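If you read the sequence shown in the working numbering, its first letter stands for residue 104, the second for the next number, and so on. Virtual Cβ for every residue (Gly too), placed ideally from N, Cα, C. Quantities reported herein were computed from a predicted structural model and do not represent experimental measurements. Report on the following structure.
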Amino acid sequence: MEIRQLEYFVALVEEKTFSAAAARCGVAQPSLSQQIKKLELELGADVVVRRRSGVELTAAGKLLWRRAAAILGLVGDVERLFLDRGELIAERVTVGAIPTIAPYWLPEILRQMRARFPEVSIDLVEDETVRLLELVLAGDVDFAITSDMDVDVSGLIDRRLFDEPLWLTVAADSELAQSDVVDVERLKEEALLVMQEGHCLTDQTVRQCRARDFKPRTGIRCSSLETLVGLIEAGLGVGFIPEMARAVYGKRAVRMVEVAAGRFSRSVRIVSRADKVFAPHERRLVELITEHVETGGGNG
Numbered sequence: 104m105e106i107r108q109l110e111y112f113v114a115l116v117e118e119k120t121f122s123a124a125a126a127r128c129g130v131a132q133p134s135l136s137q138q139i140k141k142l143e144l145e146l147g148a149d150v151v152v153r154r155r156s157g158v159e160l161t162a163a164g165k166l167l168w169r170r171a172a173a174i175l176g177l178v179g180d181v182e183r184l185f186l187d188r189g190e191l192i193a194e195r196v197t198v199g200a201i202p203t204i205a206p207y208w209l210p211e212i213l214r215q216m217r218a219r220f221p222e223v224s225i226d227l228v229e230d231e232t233v234r235l236l237e238l239v240l241a242g243d244v245d246f247a248i249t250s251d252m253d254v255d256v257s258g259l260i261d262r263r264l265f266d267e268p269l270w271l272t273v274a275a276d277s278e279l280a281q282s283d284v285v286d287v288e289r290l291k292e293e294a295l296l297v298m299q300e301g302h303c304l305t306d307q308t309v310r311q312c313r314a315r316d317f318k319p320r321t322g323i324r325c326s327s328l329e330t331l332v333g334l335i336e337a338g339l340g341v342g343f344i345p346e347m348a349r350a351v352y353g354k355r356a357v358r359m360v361e362v363a364a365g366r367f368s369r370s371v372r373i374v375s376r377a378d379k380v381f382a383p384h385e386r387r388l389v390e391l392i393t394e395h396v397e398t399g400g401g402n403g
């Protein structure tokens, strides 16, 4: 059972409908409904009955209602106590993200966070995976959004958020652009454009090529997806672009196709220190990220 579930339950009781409760909590209605269902499964009993006039509490719901309100009151007291004592002078959270995720996936999440919790200040740090892990371990970053990591993660815990397709991206006027699916043998004739060493997208791309018995002939290396797409447009080679960036670069003079040997993909993950104790405002952002994924905000 989570505090978030109790907050949703109390809002549902007070607002009478799922739509009104979701609006009050600043979440999508399916997300709130899902959390109420999880709560009922954990308790082993239904807590509300849906009526045309709104929800009604069951006997179990009435028992939970009294206790939930008391629990949330105590949680609020504790948070106010520390805020009043100045031990949480500023509610600030520092989020790390790799450059192939930060501009394409985080803005909408941070917009929602700002709308729901305007008192929380957010700092965003963009860097390569290894550097972000160092910052997380040092406590300079509260948590980071990264991808598959072939590095030492001692002292850290990471959790998968979702898997995301990687699209083979070719120049719009190239021969490869004439097909929706490209055979891996065709790629052996092409220069594979990748990002500089240290970017996990490069490691993922090369590793998945080799898993298909294909050793890529790497071409120009660059430092951003923007430059990578520009090089592809110029006919200097092919590359792989994550799904979350597809809407941005799909309008350019490139075409995104699949590889016949099976779709390339990456795992998007959230990483924090193993001994990290999340402050209330940090926990809110992590919960918002999780809700965003659960309601279809992932790209898998």
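Under the 10 Å beta carbon count, Arg-369 is surrounded by 16 or more other beta carbons and is classified as buried.
Rounded to the nearest whole angstrom, the C-alpha separation of Glu-293 and Ile-106 is 53 Å.
Distance check between Glu-143 and each of Asp-245, Leu-177, Val-130, Leu-160 places Leu-160 closest, using alpha-carbon atoms only. Inclusion of Thr-321 and Val-341 in the CB contact set at 8 Å is not warranted, their separation being larger than that value. Residue pairing of Pro-345 in beta bridges, as defined by DSSP: Leu-269. Secondary structure of Phe-121 (DSSP, three-state): helix.
With fewer than 16 other Cβ atoms inside 10 Å of its own Cβ, Gly-365 counts as exposed. Spatial neighbours of Leu-334 in its own chain (CB-CB distance under 7 Å, excluding positions within 5 residues in sequence) are listed in chain order as Leu-296, Ile-323, Cys-325, Gly-340. The beta carbon of Arg-349 sits closer than 8 Å to those of Trp-270, Met-359, all from its chain and outside the five residues before and after it, given in chain order. Closest in C-alpha terms to Gly-176, from the list Glu-110, Thr-330, Pro-206, comes Glu-110.
Your pair Ser-375 and Ile-260 checks out as a contact, with CB atoms roughly 6 Å apart and the cut at 8 Å. Look at Gly-301 here: in three-state DSSP terms it is coil, with no helix or strand label.
Cβ-Cβ separation between Ile-201 and Ser-250: approximately 6 Å, consistent with a contact (criterion under 8 Å). Taking every protein chain shown into account, the CB of Ser-156 has fewer than 16 other CB atoms within 10 angstroms, so this residue is exposed. In this structure the segment 214–225 lies against the segment 386–393, because at least three pairs of beta carbons, one per stretch, are closer than 8 Å.
DSSP, read as helix, strand or coil, puts Val-332 in helix.
In the DSSP annotation of this structure, the continuous segment of the alpha helix (DSSP H) that includes Thr-393 starts and ends at 383–395.
Between Phe-367 and Gln-311, the CB-CB gap stays under 8 Å. Contact check for Ala-171 against Val-130 fails: the beta carbons are separated by 8 Å or more. For Lys-119, the CB contacts under 7 Å within the same chain, skipping 5 residues up- and downstream, are Gly-157, Val-158 in chain order. Under the 10 Å beta carbon count, Ser-257 is surrounded by fewer than 16 other beta carbons and is classified as exposed. By the neighbour-count definition (other C-beta atoms within 10 Å, threshold 16), Asp-316 is an exposed residue. Counted as a single uninterrupted DSSP element, the beta strand (DSSP E) harbouring Thr-197 occupies residues 195–200.
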